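Visitor: Below you'll find the structure I mean.
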Amino acid sequence: MPGTSERTNKLKSSVFAVLAKRLEGYTGKRYPFHIGDNVLPPPDGAQWPNLDPQRFGNPYRYGYPNGAEGFRQRIAQKLREQNDMAWIQADNVQISVGATHGLSCAVQALLNPGEQVLLLSPYWPLIRGICHCSAVEPVDVPFYQLLLENPKTCPGSLIEPYITPKTRALYIINPNNPNGLVLSLEQMEAVTNVAKSHGLWLFSDEAYENYVYQGQHRSFATLNGMSEQTISAYTFSKSYAMAGSRVGYIAAPDAAAAAIRKVATHSVYNTSQACQTAAMGALEAGADFLARAHAVYGSYAQIVADHLQARFHPAQGGSFVFIDLREFGPDSLPILEKAADCGVTFAPGAIFGQGYEGYARMCFTATDEATLREGISIFNEVLAAARR
Numbered sequence: 002m003p004g005t006s007e008r009t010n011k012l013k014s015s016v017f018a019v020l021a022k023r024l025e026g027y028t029g030k031r032y033p034f035h036i037g038d039n040v041l042p043p044p045d046g047a048q049w050p051n052l053d054p055q056r057f058g059n060p061y062r063y064g065y066p067n068g069a070e071g072f073r074q075r076i077a078q079k080l081r082e083q084n085d086m087a088w089i090q091a092d093n094v095q096i097s098v099g100a101t102h103g104l105s106c107a108v109q110a111l112l113n114p115g116e117q118v119l120l121l122s123p124y125w126p127l128i129r130g131i132c133h134c135s136a137v138e139p140v141d142v143p144f145y146q147l148l149l150e151n152p153k154t155c156p157g158s159l160i161e162p163y164i165t166p167k168t169r170a171l172y173i174i175n176p177n178n179p180n181g182l183v184l185s186l187e188q189m190e191a192v193t194n195v196a197k198s199h200g201l202w203l204f205s206d207e208a209y210e211n212y213v214y215q216g217q218h219r220s221f222a223t224l225n226g227m228s229e230q231t232i233s234a235y236t237f238s239k240s241y242a243m244a245g246s247r248v249g250y251i252a253a254p255d256a257a258a259a260a261i262r263k264v265a266t267h268s269v270y271n272t273s274q275a276c277q278t279a280a281m282g283a284l285e286a287g288a289d290f291l292a293r294a295h296a297v298y299g300s301y302a303q304i305v306a307d308h309l310q311a312r313f314h315p316a317q318g319g320s321f322v323f324i325d326l327r328e329f330g331p332d333s334l335p336i337l338e339k340a341a342d343c344g345v346t347f348a349p350g351a352i353f354g355q356g357y358e359g360y361a362r363m364c365f366t367a368t369d370e371a372t373l374r375e376g377i378s379i380f381n382e383v384l385a386a387a388r389r
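In case it helps, the numbering used here puts the sequence shown at residues 2 to 389.
Set out below in structure tokens:
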């Protein structure tokens, strides 16, 4: 049989598979803290019974590769008004099948095989595989945990040692997945200074822009003249609880947007028009939803901060905390297996970058409050037993 490609051979199998296997015989209540999801349903304006499926044309016909014109115009308006990107027009927006697809198109469009992307870690796990699929070399840069432990650390000093002649881009996610850090303005400006001085692309993942509990969300593209070097990624999966609809978008300068559009055309051609209609409904009628979801998830973050009896930094934004379990050994899997035996599951730290094998990510937005509290209590018992 013919072989598989070197690119796919570099893609790792799911680290969670070990825990999933362990759960096969478990019949009790489950506490799924391992997956990044939202427990609240989407806003009413985004739900199928309330939509006109013909809004952007016949949903059974091909759509525009860059997205429905009216939808892109509405997103451009949102970016100008809410993200302070005054220069953005509809042609700077690429609709994608979630931010995952958008970032994949951007990496393929802007980087050459063998060039390097610095991944500020810990990071969203799929970005590493996106790089491998594009034959781009991902380079882990320890960053967010170091800033949490010492906020006075100069971000530039953490990045500069990893820059080589092959470095072409930085990937940064703010608020962070998995540790919930929200970068300050000064920290963001320090990152842009590095990108400016070395002429690097900055891939700015803003999936959790609407869920900042401490501080303020800002877009990198608005800082330090970075509009021509920044690719900004957004998703309805996180903002409006529409993960299954697979709608995201990229905001990019003119030439980059045109290049990204070419790749998108040759990958999926167009994002589902029906799903774009749902996303448009979320944009038009979702303000109340965002306010409610922010309040609910902010309260969930506080529940974790108040009750989880482990080492972690409370979430400043997003949906996660990154739990330091190294008191039980260098690898978190043994303690996570014990938790899984009780129905409580977490994402093992190894998938978030090199050196995080002793950590685990907890999502606090994927269950209702009662389940969150119960799961924390059970996990606290697991930890207490392990400490005896």
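Cβ coordinates follow ideal geometry from the N, Cα and C atoms, glycine included.
Computed from a predicted structure; not experimentally measured.
1. Note down, one range per segment and in chain order, each beta strand (DSSP E) of at least 3 residues found wholly within the region 35-118.
2. Going by C-alpha distance, which of R327, S6, N175 is nearest Y360?
3. Using DSSP bridges, identify the partner residues of M363.
4. If we ignore side chains and look at the alpha-carbon of each, how far apart do G97 and F237 end up?
5. Please name the residue, chosen from L186, N67, E187, that lies closest to A259 on a Cα-to-Cα basis.
6. I'd like the list of long-range same chain contacts for L309, defined as Cβ closer than 8 angstroms, with 5 residues on each side in sequence excluded.
7. Would you list the residues sitting across from P139 in a DSSP beta bridge?
8. Round the Cβ separation of I352 and Q95 to the nearest angstrom and send it over; I've been treating them as touching at under 8 angstroms.
9. Which residue marks the beginning of the beta strand (DSSP E) containing D206, and which one marks its end?
10. Compute the Euclidean distance between the alpha carbons of L148 and P50, then round it to the nearest angstrom.
11. When DSSP builds the beta bridges, which residues end up paired with I336?
12. Below 8 angstroms on the Cβ atoms is my contact criterion, and I expect G58 with Q274 to pass it. Report the Cβ-Cβ distance as a whole number of Å.
13. Kindly indicate which three-state DSSP category S233 falls into: helix, strand or coil?
14. Just to confirm, is the Cβ distance from L41 to A316 under 8 angstroms?
15. If we ignore side chains and look at the alpha-carbon of each, how far apart do T231 and W88 end up?
16. Please report the straight-line C-alpha distance between G344 and W125, rounded to a whole angstrom.
17. Return the first residue and the last residue of the alpha helix (DSSP H) that I261 is part of.
18. Would you call L12 buried or exposed, if buried means 16 or more other Cβ atoms sit within 10 Å of its Cβ?
Guide: Let's see:
1. The region 35-118 contains these whole beta strand (DSSP E) runs: 94-97.
2. Ranking the options by Cα distance to Y360, first place goes to R327.
3. Beta-bridge partners assigned by DSSP to M363: V322.
4. Note that residue 97 corresponds to Ser in the displayed sequence, not to Gly. Their Cα atoms are separated by approximately 10 angstroms.
5. The shortest C-alpha separation from A259 is found at N67.
6. V322, I324, M363, I377, F380, N381.
7. Beta-bridge analysis with DSSP links P139 to V118.
8. Contact between I352 and Q95 is absent: CB atoms are separated by about 27 angstroms, not below the 8 angstroms threshold.
9. The continuous beta strand (DSSP E) containing D206 extends over residues 202-206.
10. Answer to the nearest angstrom: the Cα atoms are 46 angstroms apart.
11. BP columns for I336 are empty, so no partner.
12. Indeed, because the Cβ distance is near 6 angstroms, the residues count as touching under 8 angstroms.
13. If DSSP states are grouped into helix, strand and coil, S233 belongs with the strands.
14. Going by C-beta atoms, L41 is not nearer than 8 angstroms to A316.
15. Approximately 13 angstroms between the Cα atoms of the pair.
16. Using only the alpha carbons, I get a separation of about 24 angstroms.
17. From DSSP, the alpha helix (DSSP H) with I261 extends over 255-266.
18. Burial check for L12: the Cβ neighbour count within 10 Å stays below 16, so the residue is exposed.
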